[in-house]
Structure formats: C-alpha cells, structure tokens
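For the sequence shown, this note's numbering gives the first residue as 1054, with consecutive numbering after it.
We put the beta carbon where it would ideally sit given N, CA and C, even for glycine.
Note sheet for the following structure.
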Amino acid sequence: MDLNKNNVKKIIGIITFTLVLMALLINIKAVNSYLAFFGGILFPFVMGGAIAFILNIPMTAIEKKLFRENSKVARPLSLVLSILFVFAIITVVIVVVIPQLGKTFDSISTGMTAFLPKAQDWLEELFGNRKEIVNYIESLEFNWQGLLEGIKDFALSGAGSVITYTMSATMIVINGVMTFFIGFVFAIYILIQKETLGRQCIKVMNAFFPKKVVDKIYNVCSLSHKTFSKFITGQCLEALILGTMFFVSMTIFRLPYALLVGVLIAFTALIPMIGAFIGCAVGAFLILMVNPMQAVFFIILFLVLQQIEGNLIYPHVVGNSVGLPSMWVLFAVTIGGKLMGIVGMLVFIPLMSVLYTLFRELVNKRSQLSKKPENPPSTDSKN
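Shown next as structure tokens:
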C-alpha cells in the first residue's frame, strides 16, 4: 500500500479509533456512570418526545377532520382536545375500574373460603376410585382467613421500616411528577411547533451532510413515523373492539366481572400476540372463585372471540400496517420482551418492520442492478 496522504489519514483514523475504544473499555464503569448521569438529564425530554408522538396521532386526525386548512385555532384546539381525550380515558379507568377492582379483592377472600371446600368435593368425586388420592385430598386443610391475617400482621410489623423510608419514597414520587411535568411541557412545545422544528432539522442536516444522505435520512424517518403511527392506531382500536366484545358477550351470558375483565383484556391486548391470553388467565381465575363451570365457559368464549378477532377483525382494522410477516413479529416480540419487557414488545414490532422494509428495498435494488448486463449488445450489424 502506498503511503500517500489519503492512506496516512486512514491509518491515523484507525489508530485513533482503536485507542479511544480501548480507553472506553478500560474505564467502562466510569463510562456507565457518565451515561447514566446524562441519561437522567435527557430522560424528561425523551419522555416528552414519546408523549408528543402519541398525542400527535389524535391531534392530526382532529385537525384534519374538524378544522379548515390554515386555521389559526386549529392547532391549539386540536392539541387541547387530544389531551382531554387521553385524560378522559384515564379518568374512566380510574373511576370505573378501580372501585370494581377493590370490590373484586374484597370478594376473593370470601370466595376462596367458599370455593376451596367445593373444589375439594369435586376432586374427591373425580378421583373416587383412587382411595389414596381421596385420603390425601381429605387431609388437606387450607386456612384462607388465617393467611389473610398473617399478611395483615406482616404488613403491620413492617410499618416501622415503611415509615423509615417514607422520605425517600416521597422524593422519588416528587421527582417522578417533575419529570413527567417537564416531559409533558416539552411535548406541547414540540406539537405546537412541529413544522418549524422539522424545517430546522432539515436545514441543519443540509448544512453538514450531502443531499443524498439527507434524503435517505428523511425517507427513513418518514417510514418510521408512518409505521409507528399505523401500528399504535391499529393496536389501540383492535384492543378497544376486543374489550368491548368481551364486555358485551359476558353481560349477555351473565358471567361475573364483565366490566373488569373487558377493560383488563382491552389493556392487555395492547401487548402483541400474548397480551389477550394474560387477560384471559386473570379473568378465568376471578370467575373460578365464583363458579368453576362459568370459568370453563369463559375460556371457551375467549377462544371463540379470539378466533373471530384474529381472522375477521384484526386483518381489517390493523391489516398489514406494519408490513411484517408473522415469523418476524414473533421474533420482534421475543427480543423486545427480553430487552425491555412490555415496552420492548410494543416498540420492537414497528422497529423490526422499518428494518425489514429497508432491507427488502436494498435487496430488491441490488437484485435489479445485478440483472443489468454490463456490456449492452451493440445495435450495429456486422457483415
């Protein structure tokens, strides 16, 4: 290799990068502490960006449907209506579901006291021919009331330690409220001036990058915004329809906890693929405390409604909004759940869709280039 000016610059750049990387790896603990420090500073603004992205979906729809173009009041009124819509949903959950949830926990203790003897009798009838199993079941004693008293005594005995950490818990709550407030205000600024911020970002990129790179970044960002918006809208609408189906059907068949189970399944259905089954397990357990046969009927009802939702409703509501095959959806849910829990399950599906779309476009582009002949045949005829 010739040691010309360009090659010397490349060698110096590689050496510098290697030294910096080695220094970072040697001082990895200090690097992690600095990253955590700056992450804590930037977290309210990251949260604000996420809030702005979510609020922008209903705000854009309201702005297009209810107001004329270039209306001065369209943006602020659309933003206010979007915030009121989100807070209305939270209020309904708090006012309707929380009291119902409290009544449910109150009835579980009495329900367990009545359910366990019935379950014992049912098991004895089921294993009537096996005397050793029947004798073992009859020997079982479960003092549910004593268990509740033990939990109560444990809570009271730990009251002193709870008081000790009251101040630190209060500070955590205050910091959380302040972080949310800063993020919320930052989100409002983003939404009010989103067109101006977009133009400024493009102007900054044009100042530092070639036009080809800027166009590529813009296309990736546009694809990401479109994919995430469609996924969130479709997933929320699908969860609302599924929860309503369960509430109506459970009310018709006179199953207990219809409202609570409907809301629970609507929220858990936001988790792709496995969310509704989590709601089914909790709902089946609650109904089991009241009537085991109704719990079996609820599971059958869940399977029927899940088939209707998966084959008829979901393809029309969500459709191919993320444009991702089922195999890669399962892969995204698994990896996202391992890395970031429930949030990762929600984020990784549209993220994987964006990567899948970009990779597919790259493969198609390279395939078309490889099919082009290097030396096109000449049109001149030779004698």
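Roughly how many whole angstroms lie between the Cα atoms of residue i and residue j?
i, j, result
"P1111", "N1364", "27 Å"
"G1066", "L1072", "10 Å"
"P1097", "G1236", "5 Å"
"L1250", "V1416", "33 Å"
"V1257", "P1263", "11 Å"
"A1127", "I1115", "9 Å"
"F1120", "L1339", "46 Å"
"R1419", "M1100", "39 Å"
"Y1090", "Q1347", "According to the sequence displayed, residue 1090 carries Phe and not Tyr. The straight-line gap from Cα to Cα measures roughly 53 Å."
"F1306", "I1147", "26 Å"
"V1407", "Q1360", "28 Å"
"V1349", "L1358", "14 Å"
"S1434", "V1061", "Confidence at S1434 is low in this model, with a pLDDT of 48, below 50, so its placement is unreliable and the value that follows should be read with caution. If you take the alpha carbons of S1434 and V1061, they lie about 51 Å apart."
"F1234", "N1109", "18 Å"
"A1141", "S1302", "25 Å"
"K1279", "M1231", "31 Å"
"I1064", "S1086", "32 Å"
"T1390", "V1400", "It should be noted that the sequence gives Gly, not Thr, for residue 1390. Rounded to whole angstroms, G1390 to V1400 spans 10 Å at the Cα level."
"V1267", "F1070", "25 Å"
"I1068", "V1382", "41 Å"
"K1125", "C1274", "27 Å"
"L1137", "L1130", "10 Å"
"L1356", "C1333", "9 Å"
"K1265", "F1384", "32 Å"
"C1289", "P1152", "24 Å"
"R1252", "E1414", "27 Å"
"M1224", "N1080", "31 Å"
"L1095", "K1118", "35 Å"
"V1139", "I1388", "29 Å"
So does residue i have its beta carbon nearer than 7 Å to some heavy atom of the ligand MN?
i, result
"L1244", "For the ligand MN, the structure offers nothing, since it holds no ligand at all."
Given a threshold of 16 other Cβ atoms within 10 Å of its Cβ, counted over all protein chains shown, does residue i qualify as buried or as exposed?
i, result
"A1212", "In this predicted model, A1212 has a pLDDT of only 48, less than 50, meaning its place in the structure is not dependable enough to derive any value."
"G1093", "exposed"
"E1248", "exposed"
"G1328", "buried"
"Q1421", "exposed"
"S1135", "buried"
"F1412", "exposed"
"N1059", "exposed"
"A1105", "buried"
"I1227", "exposed"
"L1308", "buried"
"F1281", "buried"
"E1122", "exposed"
"V1238", "exposed"
"L997", "Residue 997 lies beyond the residue range present for the chain, which begins at 1054 and ends at 1436; the question has no answer from this structure."
"V1215", "Here V1215 scores only 48 on pLDDT, less than 50, and its place in the model should not be relied on; the value that follows carries that caveat. With fewer than 16 Cβ atoms within 10 Å of its Cβ, V1215 is classed as exposed."
"E1291", "buried"
"V1145", "exposed"
Grab the span of the alpha helix (DSSP H) containing residue i for me, first residue to last.
i, result
"F1262", "Where F1262 is concerned, there is no enclosing alpha helix (DSSP H), given that its DSSP letter is neither H nor E."
"S1131", "1127 to 1145"
"Y1087", "1081 to 1119"
"P1345", "1345 to 1361"
"A1322", "That residue, A1322, is in no alpha helix (DSSP H); it is neither H nor E in DSSP."
"L1339", "1328 to 1341"
For a quick check, are the C-beta atoms of residue i and residue j less than 8 Å apart?
i, j, result
"I1143", "F1284", "no"
"A1311", "L1293", "no"
"M1405", "E1362", "no"
"I1243", "L1132", "no"
"G1296", "A1322", "yes"
"L1317", "V1343", "no"
"G1315", "F1300", "yes"
"I1324", "M1393", "no"
"I1352", "A1337", "yes"
"L1077", "V1084", "yes"
"Y1271", "I1255", "yes"
"T1410", "L1276", "yes"
How about residue i: is its C-beta nearer than 8 Å to some C-beta of chain D?
i, result
"L1088", "The structure shown contains no chain D, having only a single protein chain."
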